[in-house]
Structure formats: structure tokens, C-alpha cells
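Participant: So that we are looking at the same thing, I have put the structure below in C-alpha cells.
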Ligand code: HEM
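In UniProt numbering, the protein residues as written are 1 to 192.
Below is the structure:
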């Protein structure tokens, strides 16, 4: 049984399909046999076929590599820009805490700890302050003096030294956590 309308639809679908089929040439029986026979040979050397296809698609590989490069470049620029925004926000917080050194200290030590997890070692921290100083000089024009430069440098040295301290504390903590429970047990027994 079936609905008359759906039956009609099925018939028209079949007609459409046979029209499409007529336009596309199917392999004939002889060709099918040839394909099947050659496939047996190809299958035995399928790895070689893969390598040949890989080497031959140089042009499309170049296009893929180019787009991959653009994606990586965009991600990198996005990261650099976001980091600059974060650095600016941190400088703002630091300036606001200059009268409360203990609060600034806590903030910078925590930042150093988080940078341990970002794999950002202290040897690069000084560049950030130096770049900031270069960038603000043209903005402050004649207001920029040697004393002011010294003041900003002192602040950055203070902050980066604390970041370094935080980084080292976190690094030591992680090393301790990584020590196996057995080692820790052995050490405790030796202490006893
Ligand atoms: C004075 C130096 C620097 C300052 C003030 C600074 C500041 C910051 C701040 C405020 C953040 C936001 C996240 C958080 O609070 O933990 C951050 C994230 C980050 N920083 Fe720095 N940074 C400094 C140097 C560096 C350097 C030299 C590197 C790389 C070598 C680096 C790599 C990163 C990374 C990977 C993140 C995480 C970004 C993310 O998750 O999107 N930072 N930084």
C-alpha cells in the first residue's frame, strides 16, 4: 500500500535520476573487469601510491602551507595584541598600587607564578618595560625627563624582580609536586 501522491513523487524522482544517469557514462563490463584486475595489483602497493600522490600534489600543498602560515600569523598577532592589552592593564594596576608596595608585591609575584605556566621565563621580562618606555617617550614629549625615565625603570625593575621571584617559587613548587610519592616517603623516613 502507499499514498498515491508519494507514489507519483517516487516516479518523478526515478525519472529525474534516469535522466541524470543518461548524462553520466558508467564503466562498461569490460572496463569494470579491467578496473577490478588492476586494483588487485594497486592494492599490493598501496603505500607507494600514497607516497606518489603526496609528492605530486605539490601545488595544492603549497596553497595549504600558505593558508596555514596566514592562520598561524593571525593567531600570533592576536596573541601579541591581547598580551599588550594585558600588560597595559597590569601597568595601570601597578601604578594604582605604588603607594601600597605589599599589594603591588602580591600582584607581581602572582603574575610571575602564572607566567611559569605560560612557559614565559624571566630573562624576557625586561624587554617589556624597555618597549613600554620607548613607546611613551614620544607621547610625553618634553615632559619626558631623565628623572622620569629613571622612575619608570625603577618601577619595572621592582615588578620584574618580583615576577621572577614568583616564577622561581612556582617552579620550585612544581618540582616538589613532581617528586614521586615514594621519594617523598623515603625522604621522610630518612628524616626520622
Ligand atoms: C613585564 C613583563 C610582563 C608583564 C607585565 C606581563 C603581563 C601579563 C598579564 C597581565 C597577563 C594576563 C594573564 C595573567 O594575569 O596571568 C599575561 C599573560 C601572558 N603572558 Fe605576559 N607579561 C610579561 C611578560 C611576558 C613575556 C616576556 C612572555 C613570553 C615570553 C609572556 C607571555 C604571556 C603568555 C603566554 C600569557 C597568557 C596569554 C593568554 O593566555 O592569552 N609575558 N602577561
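By construction, the Cβ of each residue, glycine as well, lies at the ideal position given by its N, Cα and C atoms.
Values in this document were obtained by computation on a predicted structure and should not be read as measured data.
1) Start and end of the alpha helix (DSSP H) containing residue 98?
2) Could you tell me how far apart the beta carbons of residue 136 and residue 94 are, in whole angstroms, since I believe they sit closer than 8 Å?
3) According to DSSP, is residue 152 part of a helix, a strand, or is it coil?
4) Hey, is residue 163 close to the ligand HEM, as in C-beta under 7 Å from one of its heavy atoms?
5) Is it true that the CB of residue 113 sits closer than 8 Å to the CB of residue 169?
6) So, at 8 Å on beta carbons, what are the nonlocal neighbours of residue 27 in its own chain, with the 5 sequence-adjacent residues on each side left out?
7) Quick check: the Cα distance between residue 127 and residue 166, rounded to an integer number of angstroms?
8) Would you please state the rounded distance, in angstroms, between the beta carbons of residue 163 and residue 118? I believe it to be under 8 Å.
9) Is the beta carbon of residue 97 sitting closer than 8 Å to the one on residue 111?
10) Can you check the UniProt domain "Globin" (26-168) for any alpha helix (DSSP H) of at least 4 residues that lies completely inside it and give the ranges in chain order?
11) Confirm, please, whether the CB-CB distance from residue 149 to residue 133 is below 8 Å.
12) If I'm right that residue 129 touches residue 156 with Cβ under 8 Å, what's the distance once you round it to whole angstroms?
13) Can you tell which of 177, 161, 79, 37 has the C-alpha that lies nearest to the C-alpha of residue 104?
14) Any heavy atom of the ligand HEM within a distance shorter than 7 Å of the CB on residue 171?
15) Using only the alpha-carbon positions, how far apart do residue 63 and residue 52 sit?
Facilitator: Judging by the given coordinates:
1) Position 98 of the chain shown, counting from 1, holds the residue named residue 98. Looking at the DSSP string, residue 98 is not in any alpha helix (DSSP H), and its letter there is neither H nor E.
2) Counting from one through the chain shown, the residue named residue 136 turns up at place 136. Counting from one through the chain shown, the residue named residue 94 turns up at place 94. Their Cβ separation, rounded to whole angstroms, is 14 Å, which puts residue 136 and residue 94 out of contact at 8 Å.
3) The residue labelled residue 152 in the question sits at position 152 within the chain shown. Of the three classes helix, strand and coil, the one that applies to residue 152 here is helix, per DSSP.
4) As a working note, residue 163 is residue 163 in the chain shown. For the ligand HEM, at least one heavy atom lies less than 7 Å from the Cβ of residue 163.
5) Stepping through the chain shown from its first residue, residue 169 is reached at position 169. Stepping through the chain shown from its first residue, residue 113 is reached at position 113. In this structure, residue 113 lies closer than 8 Å to residue 169 by Cβ.
6) Your numbering for residue 27 matches position 27 in the chain shown. 35.
7) Looking up residue 127 in the chain shown gives position 127. Looking up residue 166 in the chain shown gives position 166. Residue 127 and residue 166 have their alpha carbons spaced roughly 18 Å apart.
8) Here residue 163 refers to the residue found at position 163 when the chain shown is read from its first residue. Here residue 118 refers to the residue found at position 118 when the chain shown is read from its first residue. Incorrect: roughly 11 Å between the Cβ atoms, too far for contact.
9) Looking up residue 97 in the chain shown gives position 97. Looking up residue 111 in the chain shown gives position 111. For the pair residue 97 and residue 111, the CB atoms are not nearer than the 8 Å cut-off.
10) 29-44, 46-56, 58-96, 101-117, 125-140
11) Indexing the chain shown from 1 puts residue 133 at position 133. Indexing the chain shown from 1 puts residue 149 at position 149. Result yes, Cβ atoms of residue 133 and residue 149 sit closer than 8 Å.
12) Counting from one through the chain shown, the residue named residue 129 turns up at place 129. Counting from one through the chain shown, the residue named residue 156 turns up at place 156. 3 Å between Cβ atoms; contact.
13) Along the chain shown, read from residue 1 onward, the residue named residue 104 stands at position 104. Comparing Cα positions, the closest option is 161.
14) The count along the chain shown starts at 1 and reaches residue 171 at position 171. Flag unset: Cβ of residue 171 not near the ligand HEM.
15) The residue labelled residue 63 in the question sits at position 63 within the chain shown. The residue labelled residue 52 in the question sits at position 52 within the chain shown. Looking at the backbone, the Cα of residue 63 and that of residue 52 are separated by about 18 Å.
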